[in-house]
Amino acid sequence: MMSSNGTERDPARSKRGLHWHSSWVGFQQALHLQGLQVCSVTDRRMREFLQVNMAFSSFPLSTLITLVLLVASIQSNSMYDDDEDPFQPVTSDETVAEGGTVTLTCRVAETDNSSLQWSNTAQQTLYFGAKRALRDNRIQLHKSTPTELSITISNVQLSDDGEYTCSIFTMPVRIARATVTVLGVPGKPVITGFEDPVQEEGSVTLTCTSTGSKPPAQLYWYRGQEKLEGRPNVVESNPNEPTYTVTSVLMLQVTRNDNNAMIGCAVDHPSITNGEKRTEQPLSVLFSPSVLIKPESDLPREGERFSLHCVGNGNPEPLSFLWQKKDAEFPPQVRPDGAYLRFEALNKSDNGVYLCHADNGIGWNEGSYTLLVQDPTAMTSSSGVDHAVIGGVVAVIVFIMLCLLIVLGRYLIRHKGTYLTHEAKGSDDAQDADTAIINAEGGHSGIEDKKEYFI
508 MMSSNGTERD PARSKRGLHW HSSWVGFQQA LHLQGLQVCS VTDRRMREFL QVNMAFSSFP
568 LSTLITLVLL VASIQSNSMY DDDEDPFQPV TSDETVAEGG TVTLTCRVAE TDNSSLQWSN
628 TAQQTLYFGA KRALRDNRIQ LHKSTPTELS ITISNVQLSD DGEYTCSIFT MPVRIARATV
688 TVLGVPGKPV ITGFEDPVQE EGSVTLTCTS TGSKPPAQLY WYRGQEKLEG RPNVVESNPN
748 EPTYTVTSVL MLQVTRNDNN AMIGCAVDHP SITNGEKRTE QPLSVLFSPS VLIKPESDLP
808 REGERFSLHC VGNGNPEPLS FLWQKKDAEF PPQVRPDGAY LRFEALNKSD NGVYLCHADN
868 GIGWNEGSYT LLVQDPTAMT SSSGVDHAVI GGVVAVIVFI MLCLLIVLGR YLIRHKGTYL
928 THEAKGSDDA QDADTAIINA EGGHSGIEDK KEYFI
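Below you can see the structure in the form of structure tokens.
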């Protein structure tokens with residue numbers, strides 16, 4: 508067979524060329540049926556690649572299409588950087604506390620109507636577009652558009668922790684991953700070591716434990732609002748779940764001031780959004796009593812009833828009281844009555860120092876009171892003195908007021924005489940008026956002349 512330029516055409520080569528042409532047309536039709544573009548595979552080098560493969564006429568069309576798609580994928584991947592590829596899905600990592608709700612969002616800048624898909628950590632499809640693929644009522648569709656697929660997972664469990672995948676079925680398939688971190692919420696701390704009271708100047712060892720945290724929680728000790736320094740936290744992993752048990756130990760030297768003090772242990776963790784979890788317990792410290800004797804009256808008077816009260820402040824409260832009079836015996840009318848010492852009728856002979864010995868089983872202490880019996884008229888005399896003082900003050904006030912009135916009267920008289928002088932100067936009697944005023948001030952004229960001008 509001759510070609511158009513006069514050379515002889517190889518029948519076998521012509522047959523292969525015809526085979527290539529029909530295969531290429533079939534390939535284009537196959538791509539067209541799949542809705543794919545062929546612009547990336549129509550250049551001269553691709554045709555040469557296909558012609559070389561067509562030399563092996565035994566290759567089926569499906570194999571050739573697979574090879575072409577592979578090359579097209581490589582070329583397509585080289586067209587965009589990750590930051591510039593408009594079809595590349597974009598996701599974000601999320602952190603959620605156990606029992607909470609998390610939203611996973613996948614977006615693309617452009618779309619060719621390919622569907623977005625979310626898969627879980629086990630690569631099980633959760634949603635393909637708006638279609639649910641996994642029957643789990645905790646997982647719900649939040650938003651589905653051609654460029655976005657968002658889902659929510661409620662009542663999140665620790666098993667939901669891991670890497671989730673968003674895929675878009677372009678050619679090639681593009682994926683993006685999102686890591687979901689589930690925080691294990693620590694339990695309320697438990698304090699042990701308060702089983703028995705502690706004696707004053709002794710020491711107590713307290714242990715605080717919190718379970719279920721992920722990552723491990725931090726424990727802190729407090730006495731009221733004062734922060735205390737405990738031993739470093741001890742962290743142990745739980746064998747059956749990915750959580751931790753945290754323990755802290757506090758050794759405390761106590762005094763009587765620590766009795767009923769609130770010792771607290773607080774747990775701090777990123778899953779706790781509204782402050783911290785804290786457990787508090789009062790500390791019981793045993794100590795010997797301090798003793799104070801209080802009199803029934805600050806002014807004990809002869810002949811009156813009277814009593815002394817022995818107040819013991821200790822833990823526990825003292826139950827044993829012993830009364831004594833220093834260097835003397837009790838008078839007959841004095842009677843001890845537990846924490847009280849009662850006097851039926853005070854007498855001068857009752858004067859002296861009285862002692863109270865209080866014991867609470869932890870220790871004992873002693874208080875003293877000096878009794879000085881007053882005369883029956885002591886209150887009256889005192890009242891008389893008070894009245895005398897008040898009377899003196901009133902007399903002084905009256906005297907000052909009288910002095911003020913005298914000074915004020917002289918001032919008014921002086922200014923009234925000056926006024927009459929000015930009034931008389933405009934008349935024929937001006938000289939007489941001046942003389943009258945002078946006489947009034949100097950006292951040289953008679954009383955009748957003064958009245959004539961001043962009235």
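Take any residue in the sequence shown, note its place counting from 1, add 507, and you have its number in my numbering. Backbone N, C-alpha and C define an ideal beta-carbon position, used for all residues, glycine too.
Could you say which of the options lies nearest to residue i if we only look at CA atoms?
i	options	result
leucine 862	Glu873, Ser856, Arg812 and Thr718	Glu873
proline 796	Pro777, Glu803 and Asn822	Asn822
tyrosine 634	Val609, Ser651, Thr618 and Asn620	Ser651
leucine 829	Val663, Glu736, His816 and Pro838	His816
arginine 763	Glu787, Glu708, Lys638 and Ala724	Glu708
asparagine 602	Pro653, Asp668 and Asp643	Per the sequence presented here, residue 602 reads as threonine, with asparagine not at that position. Measuring from the Cα of threonine 602, the nearest candidate turns out to be Asp668.
glutamate 748	Val761, Pro722, Gly771 and Met758	Pro722
glutamine 595	Leu826, Arg614 and Pro802	Arg614
leucine 623	Ala629, Thr608, Val609 and Arg639	Arg639
serine 814	Tyr876, Glu783, Val663 and His864	Tyr876
glutamine 732	Cys772, Gly845 and Ser710	Cys772
serine 856	Pro838, Ile869, Gly845 and Pro843	Pro838
valine 609	Gln630, Gln706, Glu617 and Thr688	Thr688
aspartate 643	Phe850, Pro653 and Thr659	Thr659
In the DSSP output, what is residue i paired with across the bridge?
i	result
alanine 773	Tyr727 and Arg785
threonine 712	Met758
proline 883	Beta-bridge pairing links proline 883 to no other residue.
serine 626	Thr632 and Thr672
cysteine 863	Trp830 and Gly874
asparagine 822	Phe794
lysine 638	Phe635
glutamine 706	Leu793
isoleucine 907	The partner list for isoleucine 907 (beta bridge, DSSP) is empty, contrary to what the question assumes.
lysine 467	For the chain, the structure presents residues 508 to 962; residue 467 sits outside this window and is missing.
leucine 815	Pro802 and Leu848
isoleucine 682	Ser674
Could you give the residue range of the beta strand (DSSP E) that holds residue i?
i	result
serine 827	827–832
isoleucine 975	Past the edges of the chain, shown from 508 to 962, lies residue 975, and the structure says nothing about it.
glutamate 748	Unbroken run through glutamate 748: none, as it is neither H nor E.
arginine 738	No beta strand (DSSP E) holds arginine 738; DSSP gives it neither H nor E.
threonine 677	It is not in any beta strand (DSSP E) - threonine 677 carries neither H nor E in the DSSP assignment.
glutamate 601	601–604
glutamate 655	655–660
arginine 842	841–844
valine 609	609–614
isoleucine 869	First-last for isoleucine 869: undefined, no H or E at that position.
threonine 598	It is not in any beta strand (DSSP E) - threonine 598 carries neither H nor E in the DSSP assignment.
Output yes or no for whether 8 Å exceeds the beta carbon distance between residue i and residue j.
i	j	result
valine 798	asparagine 766	no
leucine 713	serine 657	no
aspartate 592	threonine 686	no
threonine 677	aspartate 619	yes
alanine 724	threonine 598	no
glutamine 881	arginine 808	yes
threonine 632	leucine 641	yes
glutamine 706	isoleucine 869	yes
glutamine 788	isoleucine 698	yes
asparagine 740	leucine 757	no
Please list, in chain order, all residues of the same chain as residue i whose beta carbon is under 7 Å from its beta carbon, the five residues on each side excluded.
i	result
glycine 859	Lys832, Lys833, Ala835 and Leu878
asparagine 1028	Missing from the structure shown is residue 1028; the chain here goes from 508 to 962 and no further.
tryptophan 625	Leu611, Cys613, Leu633, Tyr634, Leu656, Ile658, Tyr671 and Cys673
Output needed for residue i: all residues of its chain with C-beta closer than 8 Å, excluding positions within five of it in sequence on either side, in chain order.
i	result
serine 511	Confidence at serine 511 is low in this model, with a pLDDT of 41, below 50, so the placement of that residue is unreliable and no value is reported for it.
asparagine 584	In this prediction, asparagine 584 has a pLDDT of 46, which is less than 50 and means its spatial position is unreliable; what the coordinates show is noted afterwards. Result list for asparagine 584: Pro679, in chain order.
Starting from the C-beta of residue i, find all residues in its chain whose C-beta is less than 6 Å away, skip the five residues before and the five after it, and write them out in chain order.
i	result
valine 742	Pro723, Tyr751 and Val753
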